[in-house]
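**Student:**
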Amino acid sequence: MTPFIYSQLLTDEYAAKILTAIMKVPRSAQQLSASYGIPIAACYRRIKLLERYGLIACKERRLSQQGKRINFYLSMVRNAYIFFEDGRLRVKLELISGVSREFQDESDDGSDQL
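Under the working numbering, the first residue of the sequence shown carries the number 1, and numbering increases by one thereafter.
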């Protein structure tokens with residue numbers, strides 16, 4: 001995985017709002033959309049991406065009054081760092097599990113992007 005994807009996710013306005021909102025308390029996409037002014041479709045897209053890359057996880061599923069299952073998400077990230085050192089991009093993630101993950105740009109041409 002390249003650091004470009006993680007740096008884009010961490011600096012995306014909606015993704016950053018989602019990550020900060022669910023640091024301690026799980027929330028649903030509907031709650032995030034209503035509380036932070038994120039269009040619901042964009043909220044679901046960001047949640048899908050954040051979940052795919054291991055930055056958030058579904059921690060709870062509840063039944064709504066209408067009988068639909070609603071997922072509640074929690075951030076898996078404790079700290080995130082983006083570095084630009086000696087012409088290379090590096091991202092370090094410290095997860096709530098205590099594990100640290102690092103991603104470093106190994107390419108010289110900079111063509112590896114989303």
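The C-beta atom is built at its ideal place from N, Cα and C for all residues, glycine as well.
Identify the continuous alpha helix (DSSP H) that holds residue 56 and give its terminal residues.
**Tutor:** First-last for residue 56: 56-63, but that is the beta strand (DSSP E), not the alpha helix (DSSP H).
**Student:** Considering only DSSP beta bridges, list what residue 104 is partnered with.
**Tutor:** Answer is 90.
**Student:** May I have the straight-line CA-CA distance separating residue 92 from residue 106, to the nearest angstrom?
**Tutor:** Computed Cα separation, rounded: 15 angstroms.
**Student:** Using a Cβ-Cβ cut-off of 6 angstroms (strictly less than) and excluding sequence neighbours within five positions of residue 68, which residues of its own chain qualify?
**Tutor:** Nothing meets the Cβ criterion.
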